[in-house]
Amino acid sequence: MNLFKKLVLVSAIGMCFAPIVNAEMSIEITEGIESAMPIAIVPFASQGASLDVSSVVDSDLTRSGYFKTLSPQRMPAKPTSADAINFPDWQSVGQNYVVIGRVQPNGGAYNVEFQLFDVANGSQLLGYRMTSSANDLRKTAHHISDMIYEKILGKKGVFSGRIAYITSTRQGDQSNHKLMVADADGANAQAVATSIEPLMSPAWSPDAKRIAYVSFEKRTAAIYTQTLATGQRERVAEFPGINGAPAWSPDGSKLAVTLSKDGNPDIYILDLGSRAVSKLTKNRAIDTEPTWSPDGRNIVFTSDRGGKPQLYSIPVQGGEEKRITFSGSYNARASFSPDGKFITMVHGNGGDYRIGVMDVNSKSISVLTSGPLDESPSFAPNGSMVLYASRKGSTGYLSAVSIDGRMQQKLVFDSAEVREPAWSPK
Amino acid sequence: MKFTKTLATIAIMSALTLTGCSSDEEKDASLTDGSLNGGMNDASVSGLNDSSGMNGSGMGGRFGANGGKYGSKGANGLPPEFSDPNNPLSKRTIYFMLDSSQVQQDFIPVIAAHARYLLANPSQHVVLEGNGDERGSREYNIALGEQRSKTVAGMLKAQGVSESQLGIVSYGEEKPVAMGHDESSWELNRRVEIAY
Chain C
96 MNLFKKLVLV
106 SAIGMCFAPI
116 VNAEMSIEIT
126 EGIESAMPIA
136 IVPFASQGAS
146 LDVSSVVDSD
156 LTRSGYFKTL
166 SPQRMPAKPT
176 SADAINFPDW
186 QSVGQNYVVI
196 GRVQPNGGAY
206 NVEFQLFDVA
216 NGSQLLGYRM
226 TSSANDLRKT
236 AHHISDMIYE
246 KILGKKGVFS
256 GRIAYITSTR
266 QGDQSNHKLM
276 VADADGANAQ
286 AVATSIEPLM
296 SPAWSPDAKR
306 IAYVSFEKRT
316 AAIYTQTLAT
326 GQRERVAEFP
336 GINGAPAWSP
346 DGSKLAVTLS
356 KDGNPDIYIL
366 DLGSRAVSKL
376 TKNRAIDTEP
386 TWSPDGRNIV
396 FTSDRGGKPQ
406 LYSIPVQGGE
416 EKRITFSGSY
426 NARASFSPDG
436 KFITMVHGNG
446 GDYRIGVMDV
456 NSKSISVLTS
466 GPLDESPSFA
476 PNGSMVLYAS
486 RKGSTGYLSA
496 VSIDGRMQQK
506 LVFDSAEVRE
516 PAWSPK
Chain H
-12 MKFTKTLATI
-2 AIMSALTLTG
8 CSSDEEKDAS
18 LTDGSLNGGM
28 NDASVSGLND
38 SSGMNGSGMG
48 GRFGANGGKY
58 GSKGANGLPP
68 EFSDPNNPLS
78 KRTIYFMLDS
88 SQVQQDFIPV
98 IAAHARYLLA
108 NPSQHVVLEG
118 NGDERGSREY
128 NIALGEQRSK
138 TVAGMLKAQG
148 VSESQLGIVS
158 YGEEKPVAMG
168 HDESSWELNR
178 RVEIAY
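The listed protein sequences correspond, in order, to chains C and H. According to the numbering used here, the first sequence is numbered sequentially starting from 96. According to the numbering used here, the second sequence is numbered sequentially starting from -12.
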């Protein structure tokens, strides 16, 4: 063991450190919907706050594609209290809703208040007061956006969530790979792991506190879980061969993974408590990319047992394996919608790879994107959109598309190659 | 646990053979050890700065393992025949057709030459690094890359090379050598590198 320790020390000295430069992200709506809801977010009365809360709310709602906000220059007035709102003025500039608010210091923190009004009848639909630390003002703004979105559209907003993704940059012969986590609007992007060897397949735990991923930092594949708040991580699988494609069980106690330790790639269930692994699929073909149905009963995975990669389903306890995709020569990398009614996947035909969504009951697949190199789709936590990686020319970027295909956003980074996005489940 | 110890040793041995970048900072890996082996953690990781108002310039660094292609290019410390373009040993990359792990006719003599060298040098170890092009899903491409490595390993073993001389890893589409997004790049990326 002494020798072992000495060797570890020697290789530790070989590490080198460099500052992390975060790529800035911006989001463009590339396809909006015509029926976007007109809403005026009046600049909040604000004292001393370092962040303009109302402009964050404004850009959240705009970015969703479901709202069309009014620029402050075109507003008939800038009321900051309910009795100062003259509703006919707002009606005459075509607004359906008005939001006003105030941000005032309270000790070391801030009181943030906002109200949402229906312009047609002047009624208040929402009114909240929250306390926020200076550091949490952006989070509070996203929370307000979520409440407005849900009140008007009747489904949960996704502005408070985060996204994980992988970036890769090259300098000469050397690559630099990062596992990044950012707010859903691209702000606050931070590298949570960095390596000159590939990092892959980030997967959020159901409580959104941990991420499982694959790292080749030892020049072989291993699966890690990392707690975001502390950076603490554990190596949970390092078998000979492939250690890949981690997917959390809905209760967070297990990972479905791909291992090839017994020969060819199969799906295994890894118990995170005991670290025991049990083999679930036993086919001689490639079985990989497992994902859990939200009820925890079934695993859907990619297999080429029929010649080409297609999606199959198997009960978590083992049992009959059923093919579930029948259209397209290539269906892979499945991911369930939160309600379990849809599966999104990479859907390929003749070398063209697009994002598809399959209705689990009817098995019919709708193609949402135009390809040709789209990959790694996953649902937003409210099920309304699918986030995926795409490429135009030499630039890899992330994109989100509504599941009816009507709304499309592009998440643009200023430099690095970006891929494998995953939206946090909460 | 036996095999994990062996793995750890292999990982460390390979770390030792790499020219780590110089650093006067000796950062210990005070991260939670994985339970499979208690070695160091080589990627740098950091806690997430959760307060949304703060900027994201977290701590961080890079692991200094050599990411270079010492298998196909440098031929560090290898005998002269490895850099003689007329010797098949100078070829250490096997290319594949789309979606295939069949070795094409052209590469059979190359693999045979490496088999002879490995037979004559039983203490020599090579890693067969499988790779694929960027099309399709990433984890599926990891599996395809492994199939390619295993095909080459099988041919070497069939010619008498000992399994203990062979390591296998698949990088899927994660380590392209050609950065374009067309067939001329893809065909260079569908490969197994015989890394001495």
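Idealized CB from N, CA, C, for every residue including glycine. Model, not experiment: these values are computed from the prediction.
Contact with chain H by residue i, beta-carbon distance below 8 Å
i	result
N97 (chain C)	In this prediction, N97 (chain C) scores a pLDDT of 46, lower than 50, which makes its location untrustworthy; no coordinate-derived value is stated.
G203 (chain C)	no
V287 (chain C)	yes
M242 (chain C)	no
Q321 (chain C)	yes
V507 (chain C)	no
G326 (chain C)	yes
I381 (chain C)	yes
L406 (chain C)	no
Nearest to residue i (by Cα), restricted to the options the options
i	options	result
A277 (chain C)	C:V198, C:I122, C:N201	C:I122
A380 (chain C)	C:S355, C:V372, C:G446	C:S355
D357 (chain C)	C:L350, C:T376, C:G368	C:T376
K137 (chain H)	H:A107, H:Q89, H:G167, H:P96	H:Q89
L506 (chain C)	C:N181, C:G281, C:D434, C:A131	C:G281
S218 (chain C)	C:N191, C:T264, C:D390	C:N191
M166 (chain H)	C:E312, C:L156, C:N283, C:T264	C:T264
G413 (chain C)	C:V193, C:I362, C:A475	C:I362
E292 (chain C)	C:P433, C:K313, C:P389	C:K313
P301 (chain C)	C:F254, C:S388, C:R328, C:P360	C:S388
I337 (chain C)	C:A316, C:R370, C:G347, C:D346	C:A316
L65 (chain H)	H:Q91, H:Y158, H:S31, H:H101	H:H101
G401 (chain C)	C:S424, C:G143, C:R514	C:S424
Rounded separation between residue i and residue j - CA only
i	j	result
A236 (chain C)	V198 (chain C)	11 Å
E13 (chain H)	R330 (chain C)	Low per-residue confidence applies at E13 (chain H): pLDDT is 32, beneath 50, and the placement is therefore not dependable, though the value from the model is reported in the following sentence. One C-alpha to the other measures close to 22 Å.
T386 (chain C)	T353 (chain C)	11 Å
E470 (chain C)	E126 (chain H)	11 Å
L365 (chain C)	P67 (chain H)	47 Å
R47 (chain C)	S408 (chain C)	Examination of residue 47 (chain C) is not possible in this model, given that chain C is present from 96 through 521 alone.
I318 (chain C)	F182 (chain C)	57 Å
S187 (chain C)	A215 (chain C)	11 Å
K250 (chain C)	V137 (chain C)	23 Å
Y260 (chain C)	A517 (chain C)	6 Å
K349 (chain C)	S124 (chain H)	23 Å
I498 (chain C)	G160 (chain C)	13 Å
S231 (chain C)	L146 (chain C)	Here residue 231 (chain C) turns out to be Asp, not Ser, going by the sequence shown. Straight-line Cα distance between these residues: approximately 10 Å.
R257 (chain C)	K521 (chain C)	8 Å
D71 (chain C)	I460 (chain C)	Limits of chain C in this structure are 96 at one end and 521 at the other, which puts residue 71 (chain C) out of reach.
H168 (chain H)	A342 (chain C)	29 Å
V411 (chain C)	P472 (chain C)	22 Å
R79 (chain H)	S110 (chain H)	19 Å
A177 (chain C)	T383 (chain C)	57 Å
G339 (chain C)	G147 (chain H)	31 Å
M295 (chain C)	S310 (chain C)	6 Å
K436 (chain C)	D346 (chain C)	19 Å
G488 (chain C)	E512 (chain C)	12 Å
G203 (chain C)	F474 (chain C)	38 Å
A144 (chain C)	Y205 (chain C)	8 Å
6 Å CB neighbourhood of residue i in its chain, flanking five on each side removed
i	result
K273 (chain C)	T262, A286, T289
W173 (chain H)	D120
I243 (chain C)	L211
K131 (chain H)	Here residue 131 (chain H) is Leu; the residue named in the question, Lys, does not match the sequence. For L131 (chain H), where only same-chain residues beyond five positions count, the Cβ hits under 6 Å are G119.
I239 (chain C)	V152, F209
D15 (chain H)	With a pLDDT of 31 at D15 (chain H), under the threshold of 50, the predicted position of this residue should be treated as unreliable, though the coordinate-derived value follows. None.
S519 (chain C)	G256, R257, W299, A303
G55 (chain H)	Any reading at G55 (chain H) must be qualified, since the residue scores a pLDDT of 34, below 50, and its modelled position is unreliable; no value is offered.
Residue-level contact to chain C via CB, residue i, 8 Å cutoff
i	result
Y158 (chain H)	yes
I155 (chain H)	yes
I81 (chain H)	no
G34 (chain H)	yes
R178 (chain H)	no
E174 (chain H)	no
K144 (chain H)	no
A140 (chain H)	no
Residues near residue i by beta carbon distance below 7 Å, same chain, minus five either side
i	result
Q405 (chain C)	S398, R418, T420, N426
N201 (chain C)	T226
D184 (chain C)	P171, A172
Contacts around residue i, its chain only, beta-carbon distance under 8 Å, and the 5 residues preceding and following it disregarded
i	result
R449 (chain C)	V441, H442, G443, V462, L463, T464, S465, G466, P467, D469
Exercise. When the Cβ atoms of the segment 160 to 170 of chain C are set against those of the segment 221 to 228 of chain C, are three or more pairs found closer than 8 Å?
Worked result: no
Exercise. Are the segment 130 to 150 of chain H and the segment 430 to 450 of chain C touching, with three or more C-beta to C-beta distances below 8 Å?
Worked result: In short, these stretches do not touch, since the Cβ pair count stays below three.
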